[in-house]
Amino acid sequence: DQQVKQNSPSLSVQEGRISILNCDYTNSMFDYFLWYKKYPAEGPTFLISISSIKDKNEDGRFTVFLNKSAKHLSLHIVPSQPGDSAVYFCAASRGGNYQLIWGAGTKLIIKP
Amino acid sequence: DSGVTQTPKHLITATGQRVTLRCSPRSGDLSVYWYQQSLDQGLQFLIQYYNGEERAKGNILERFSAQQFPDLHSELNLSSLELGDSALYFCASSAPPFTDTQYFGPGTRLTVL
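For the record, the sequence lines run as chains E and S.
With the first sequence counted from 1, adding 845 to any position gets you the working numbering.
With the second sequence counted from 1, adding 6 to any position gets you the working numbering.
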C-alpha cells in the first residue's frame with residue numbers, strides 16, 4: 846500500500862519558468878512533510894519541510910504548499926534553473942521518531 | 007556536506023561473500039537509517055536504529071543485518087551476496103524527537119560480480 850504517491854515519474858520545464866512537483870498521501874496521521882533532491886550517485890539532500898499546522902512554507906526559490914483536506918502537497922521552484930535538474934522525493938512522517946514514508950520520486954528536467 | 011559519513015565509497019565483491027558498510031551520523035543525532043537504491047529506482051527503507059536499539063524494520067532481507075554501537079556509528083552487514091544486491095546503500099541520521107528530517111550520507115556503491 847503506497848501511502849505517499851508521486852504520480853509523475855518525470856517533468857520537463859523550461860529554464861526560468863515555474864516547476865511544480867506534486868505529491869499525494871493517504872494517511873491522515875501524517876503531520877510532517879519533506880522534500881528532498883537527489884542527483885545521480887549522491888545521497889538525497891533535504892530541501893524544505895512543512896508541518897501540518899501550516900499550509901505554506903518558503904525558502905528562497907522553493908515553496909511547499911500543503912492541502913490537508915485533499916491530502917496533497919506540492920513543491921514550487923521559481924525560477925527553475927539548470928542545476929535544479931534532479932530527482933525530487935517527497936516524504937511524510939507521523940512525527941515522534943517515526944520513519945519517513947517516501948514517494949517514488951519525480952525526475953525534473955530543466956531545458957535551456 | 008550533510009555531516010553524515012559513509013565508508014567505503016565503492017565496494018566490489020563476488021557472489022556469496024560478506025561485506026560491512028559503515029556509517030557515522032551527524033554529531034548529536036541518535037537515529038540512524040539505512041536505505042537501498044537499486045538502478046535509479048526509489049529509496050527502499052531497510053532499518054532504523056535509535057540510540058543503539060532497533061526501532062523500525064523495512065524491506066530488509068534476512069541475509070542483511072545492522073547494528074548501532076555505543077558511539078552511535080552503525081554498520082550494515084550484507085552476507086551471501088547475490089548479483090541483485092548490487093545497489094547504492096545510503097545511511098541517514100536524524101535527531102528525534104526534535105525533528106524527523108533525515109540527513110543523508112554520500113552512499114556506498116556495492117557491486118557484486
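Ideal Cβ placement from N, Cα and C applies to all residues, glycine included.
Any idea what DSSP makes of residue i, helix, strand or coil?
i	result
residue 119 of chain S	coil
residue 879 of chain E	strand
residue 945 of chain E	coil
residue 920 of chain E	strand
residue 36 of chain S	coil
residue 87 of chain S	coil
Flag this pair as yes or no: are the beta carbons of residue i and residue j separated by less than 9 Å?
i	j	result
residue 84 of chain S	residue 119 of chain S	no
residue 110 of chain S	residue 905 of chain E	no
residue 41 of chain S	residue 49 of chain S	yes
residue 39 of chain S	residue 27 of chain S	no
residue 96 of chain S	residue 47 of chain S	no
residue 877 of chain E	residue 895 of chain E	yes
residue 78 of chain S	residue 35 of chain S	yes
Could you please give me the residues that DSSP links to residue i through a beta bridge?
i	result
residue 95 of chain S	S/42, S/114
residue 73 of chain S	S/81
residue 856 of chain E	E/953
residue 894 of chain E	E/879
residue 55 of chain S	S/38, S/60
residue 50 of chain S	S/42
residue 100 of chain S	S/37
Provide the residue span of the beta strand (DSSP E) that contains residue i, from first to last.
i	result
residue 16 of chain S	16-19
residue 933 of chain E	931-938
residue 68 of chain S	Per DSSP, residue 68 of chain S belongs to no beta strand (DSSP E) and is neither H nor E.
residue 789 of chain E	Residue coverage of chain E in this structure runs from 846 to 957, which leaves residue 789 of chain E outside it and unanswerable.
residue 903 of chain E	901-904
residue 867 of chain E	864-870
residue 6 of chain S	There is no way to answer for residue 6 of chain S, as the model of chain S reaches only from 7 to 119.
residue 61 of chain S	59-63
residue 30 of chain S	25-30
residue 12 of chain S	11-13
Task: chain S contacts made by the stretch 869-886 of chain E, where a contact means CB separation under 9 Å - done: Under the 9 Å Cβ criterion, the stretch 869-886 of chain E contributes 877, 879, 881, 883, 885, 886.
Task: Members of the stretch 104-117 of chain S near chain E, C-beta cut-off 9 Å - done: Considering only beta carbons, the part of the stretch 104-117 of chain S lying closer than 9 Å to chain E consists of 105, 106, 107, 108, 109, 110, 111, 112, 113, 115, in chain order.
TODO: Check each residue of the stretch 49-69 of chain S: if its Cβ is closer than 8 Å to any Cβ of chain E, include it; give the result in chain order.
DONE: Within the stretch 49-69 of chain S, the qualifying residues are 49, 51, 54, 56, 61, 62, 64.
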